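Structure, as structure tokens:
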Amino acid sequence: MKTIKLTLLALAVSSASGYALANGLAINEQSVSGMGTSFAGRSSSAQDASTIYGNPAGMSRLGREVSLGGAYIHAKIDIKDASGRYANGQAVQGSNDGDMVPNSVVPFGYFVTPVDDRLHFGLGVYVPYALISNYEHAFQGRYQGQASKVEVITIQPTVSYKITDKVSVGFGPTINRIEGKLNSNVNFGSTQDGQVKIDGDDTAYGFNVGLLADLTDDLTFGLTYHSKVTYKLKGNTEVTGANSQASPITNALVSRLNGKYDASLNITLPESSDASFTYRLNNDWTMYAGATWTRWSRLKSIDVENEGTPTLPVLGSPLATVTEELNWKDTWSYAIGAAYQLNPQWVLRAGMAIDPSPADNGNRNVRIPVGDRKTFSVGAGWSPTKDMTIDVAYAYLWEDDVSINRPATSTKAGYSAKYDNSAHGLGAQLTYRF
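The sequence shown maps to residues 77 to 510 in my numbering.
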């Protein structure tokens, strides 16, 4: 049924509900030194080993070092003007607390070492996508989505090569592991909701490549390309509590949907390109500016295949192949930032970013309620010795209000509401050189 279709879809795309410092499905919490300037200059500033993600060519500017850290995210979601109705027009009873994103921590770790004067090797472990969302049990929009958990962990071995003293390149294959669990409610005309539970996982591969060039003694340009990654998730779809009060015959047919099915879902997470400039005004001030293009238009639709689904009279086998239209659009995000070297031990940072949503109001649902967002951040780096730096950063993001208007189907109540979203991020990072 369509509820199962949307549940399978959410396994791949519901990470948009997890609030982070990037829009769509992506998150930005792979560096705290970059977080302080809203990630402006991420591909043109090799500040520490986190450049493995930001621009692998930047390793050529480093010695042997390790960077470890993480970001703490606290999201606030307000739901207004909510209403829900079954297909027969009856109102859905329920609450709209909006407190569905728990506080979370996004960790990362990187290691860089020189091999010789021109060649560097590095290894990074980070989380490019993550979600834990859980609406209250009586959520009025529970038929559109109840609980979600998705996590992608990436391992990236990386090499960089210094072509000249001014130009370097870098490359790193990525090993990406995705796991997800989703719960949804379903209704077939009964006073008791049924439940749909799904879990699935896959390992897929991609790569990151970067170029870093000093255009002048004071101006550096960086370009990074993150490849697309195609996942082929395998898992199980389990339906429980499916029943109907329409008639004994209808109930017998609907009850046949209860059970566990093998499910597969192919999805390609898009490629992105990040370009930025770092300009050193003088010994104290450094300016950053950058832009990121993401090919979200790859997510036109999601096709789901289920095996062993029942064949029902008239309806046939409605779960065999299902399609969900997304119609997402490509986006450009922009960031500017500055750093001030207060003294040899302290550097202060600030930045702003504009990050549009790939989805418009017609394509949003309760699992993907994000809108166009703006972010302001501040940060600082403290180097008590030449071998150690501690970076901290704070970011505040706020979004344009967005609307959700999902129609009712035979198994799901419709839901409409306005979402007002914001979030606070706090990060800390330790870099040690040896």
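Every residue gets a Cβ at the ideal spot worked out from N, C-alpha and C, and that includes glycine. Every value quoted in this text rests on a predicted model; they were computed, and no experiment measured them.
Can you find the residues in the same chain that come closer than 7 Å, C-beta to C-beta, to residue i, ignoring five residues on each side of it along the sequence?
i: V191; result: F197
i: G490; result: G160, R161, R482, P483, A484
Give me, in chain order, the residues of the same chain whose beta-carbon lies closer than 6 Å to that of residue i; leave out the 5 immediate sequence neighbours on both sides.
i: S433; result: N99, V446, G447, D448
i: Y470; result: V454, L502
i: A133; result: S236, S244, V245, G246, G286, L287, L288
Which first and last residues belong to the alpha helix (DSSP H) in which residue i is found?
i: I128; result: 127-130
i: M111; result: 108-111
Using a threshold of 7 Å, state whether the C-beta atoms of residue i and residue j are closer than that.
i: S136; j: S260; result: no
i: Y211; j: I254; result: no
i: I466; j: L418; result: no
i: S352; j: G286; result: no
i: S126; j: T296; result: no
i: L207; j: V226; result: yes
i: T113; j: Y364; result: yes
i: G221; j: V442; result: yes
By the 10 Å Cβ neighbour count, where 16 or more other Cβ atoms means buried, how is residue i classified, buried or exposed?
i: V181; result: exposed
i: W372; result: buried
i: E401; result: exposed
i: T458; result: Here residue 458 is Trp; the residue named in the question, Thr, does not match the sequence. Exposed.
i: N312; result: exposed
i: W422; result: exposed
i: S62; result: Lying outside 77 to 510, the shown extent of the chain, residue 62 is not represented and no answer is given.
i: L333; result: buried
i: Y205; result: buried
i: N497; result: buried
i: G94; result: Caution applies to G94, whose pLDDT of 49 falls short of 50 and renders its modelled position unreliable; the model cannot decide the point.
i: Q216; result: buried
i: I239; result: exposed
Check the C-beta distance from residue i over to residue j and give it rounded, since I have them as a contact under 8 Å.
i: K376; j: L345; result: Incorrect: roughly 14 Å between the Cβ atoms, too far for contact.
i: K494; j: W474; result: With 8 Å as the limit, K494 and W474 do not qualify as a contact, their Cβ atoms being about 15 Å apart.
i: I274; j: L288; result: In fact, because the Cβ distance is near 42 Å, the residues do not count as touching under 8 Å.
i: Y129; j: G200; result: 6 Å
i: M176; j: I149; result: Actually they do not touch by this definition, with Cβ atoms about 14 Å apart.
i: D294; j: R356; result: 5 Å
Can you tell me where the beta strand (DSSP E) holding residue i begins and where it ends?
i: R449; result: 449-461
i: Y281; result: 270-290
i: Y49; result: Lying before the first or after the last residue shown, residue 49 is absent from the chain, which here runs from 77 to 510.
i: R300; result: The question names Arg, but residue 300 in the sequence shown is Thr. T300 -> beta strand (DSSP E) spans 295-302.
i: W408; result: 407-417
i: P249; result: 243-262
i: F215; result: It is not in any beta strand (DSSP E) - F215 carries neither H nor E in the DSSP assignment.
i: P233; result: 223-238
i: R482; result: 478-482
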